[in-house]
Amino acid sequence: MSEYVTIKENREFTRAYKRGKSFVSPALVTYVYKNRSNNLRYGITTGKKIGNAVKRTRARRVIRAAYYQLYSEIMPGYDIVFVARGKTPFVKSQNVYAAMRQHMKSAGILQSRQDK
RNA sequence: CGAGUGCAUUGAACAGCCGCGGGCAGCUUCCGAAAGGAACUGUGCGAGGAAAGUCCGGGCUUCACAGAGCAAAAAUAACGGCUAACGGCCGCCGGAGGCGACUCCAGGGAUAGUGCAACAGAAAAUAACCGCCGAUUUUCGGUAAGGAUGGAAAGGUGAGGUAAGAGCUCACCGGAGGGUGGGAGACUACCCUGCUGUGUAAACCCUAUUUGAAGCAACACCGUGGUAGGACAUAUACGCUUGCUCGGCGUGUCCUUUGGAGGUGGCAUCGAGCAGUGCGGGCAACCGCCUGCCAAGAUAGAUGGCUGUUCACGACAGAACCCGGCUUACAGAUGCAGUCAAAAA
RNA sequence: GGCGACAUAGCCAAGUGGUAAGGCACGAGUCUGCAAAACUCUGAUGCGGCGGUUCAAAUCCGCCUGUCGCCU
Numbered sequence: 114m115s116e117y118v119t120i121k122e123n124r125e126f127t128r129a130y131k132r133g134k135s136f137v138s139p140a141l142v143t144y145v146y147k148n149r150s151n152n153l154r155y156g157i158t159t160g161k162k163i164g165n166a167v168k169r170t171r172a173r174r175v176i177r178a179a180y181y182q183l184y185s186e187i188m189p190g191y192d193i194v195f196v197a198r199g200k201t202p203f204v205k206s207q208n209v210y211a212a213m214r215q216h217m218k219s220a221g222i223l224q225s226r227q228d229k
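The number in the working numbering is simply the position in the first sequence, starting from 1, with 113 added.
Structure (structure tokens):
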């Protein structure tokens, strides 16, 4: 089974919105909240504002691809929620990756590759 | 070569690396008493013509129901056929549009009945206000040829006729009824009779046909906890009831019931399936036979990222139980069959 | 995914096929030393969009668009 754990409960999303730290860039919004477990979990929100179903799935895929690329550098023990914005479906995953890396760096939960 | 019509097909392609979701196989590793599960390896598969809107018709499931008829409600509407069925499709009739190929039409019934027709107008449906004509002239009678309106004014035009007029009579046109011929039928051609009344049924309604309701978040099964009922223990301990004791209730175990969260099935190779420049029937929709081919199946929801090449530089857009249609959105590309115009011969 | 409802001035809203009620707000005036309140009044602005039936559509019919609710 996959090593990527997702957030499923609506309560946990709401908790991340209310209590987590937020970081904003043109194509991505990130909320980071420290959870009690040792797992690194993530969730993606693509609201109705972004567009039709094709645009929403496109945004989800781009964000997920960037997350897989960055996954090994993030410290465990956090819930991370990514929210797509209107620009996200028209942007390459490298731009999202750069924005995501910047957000993680600001949150201070990056670790070096060698530790993993 | 240009313009335009109908039908059908297609909806960027290829290669490499890293990833995602299922299926099958391997039996290597780990977990487990076992069934089995997880990882790994190999192999093959992985969004659409509209997957959309949820507008119709079915399959399937649960509930209701002995059967039949009436009523009520809803839907449909020329005629003939196709289909599992349909409000769909094909053909054809009638009407409208187009030079034409061709396209469009909720296209039954207004003498079965009820209602409505604002404003304007004399009058909106048993027409006499003005006008015209006649008479026994403060009035009465005849008359729809003419009159500012209106969407619609009482069959239209012309001639005869008359006191003035009028389908009162005649011709043509329109419409109605009947007859004969053609056609499966709607209908149509011709002949005869003969002129009585507008529109609206996507107003109520009448006629004919069809329809039980809800929907996979249906439904079935498992179901720690909980609910309800019963049995056992009341030996010990605790809490409540009481001033105290007894007694009663709860906390315990087992069985049954119900079923929240969650899980499994429903659910995915076989069906009203798809294809053939196949054969036969039919104008066609479609039907029969033959041959071949069928693997998306997620459950917060799988197709992505990067690099390179080519071109017309990529539109609308993402399955969620499954089929048949309709409607709506859509950059283009290709094929076939007609049409019109021009030029040349 | 499925089922259902609604859309009328800036806001709240009534409406039976025939001039679209009303209230709040906005504007002008009266009153006042000035304002508020009260009273009077004008004007502009509306039937979500596109088609169809009808002489005539906010209303009847179809198709789109948007908003809201229910089923877990």
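Don't be surprised by glycine CBs; every beta carbon is placed ideally from N, CA and C.
- Going by beta carbons, Leu141 and Ala220 fall outside the 9 angstroms limit.
- Residue nearest to Val137 within the set Gln224, Leu223, Lys218 is Lys218 (criterion: CA-CA distance).
- A residue is called buried once 16 or more other Cβ atoms fall within 10 Å of its Cβ, and Thr201 is buried on that count.
- Pairing Val118 with Arg149, the inter-Cα distance amounts to about 15 angstroms.
- Remark: C-beta atoms of Ala178 and Thr159 do not approach each other more closely than 9 angstroms.
- Rounded to the nearest whole angstrom, the CA to CA distance from Arg214 to Ser135 is 14 angstroms.
- When secondary structure is reduced to three states using DSSP, Val175 falls in the helix class.
- In the structure shown, the three-state DSSP call for Lys200 is coil.
- If you look at Arg214, you'll find it in the alpha helix (DSSP H) that goes 206 to 220.
- Note on Phe195: 16 or more other CB atoms within 10 angstroms of its CB, so buried under the neighbour-count rule.
- Of the candidates Ile187, Gly164, Asp192, Lys162, the residue whose Cα lies closest to the Cα of Thr127 is Asp192.
- In the DSSP assignment, Arg154 falls outside any alpha helix (DSSP H) and within the unbroken beta strand (DSSP E) covering 154 to 158.
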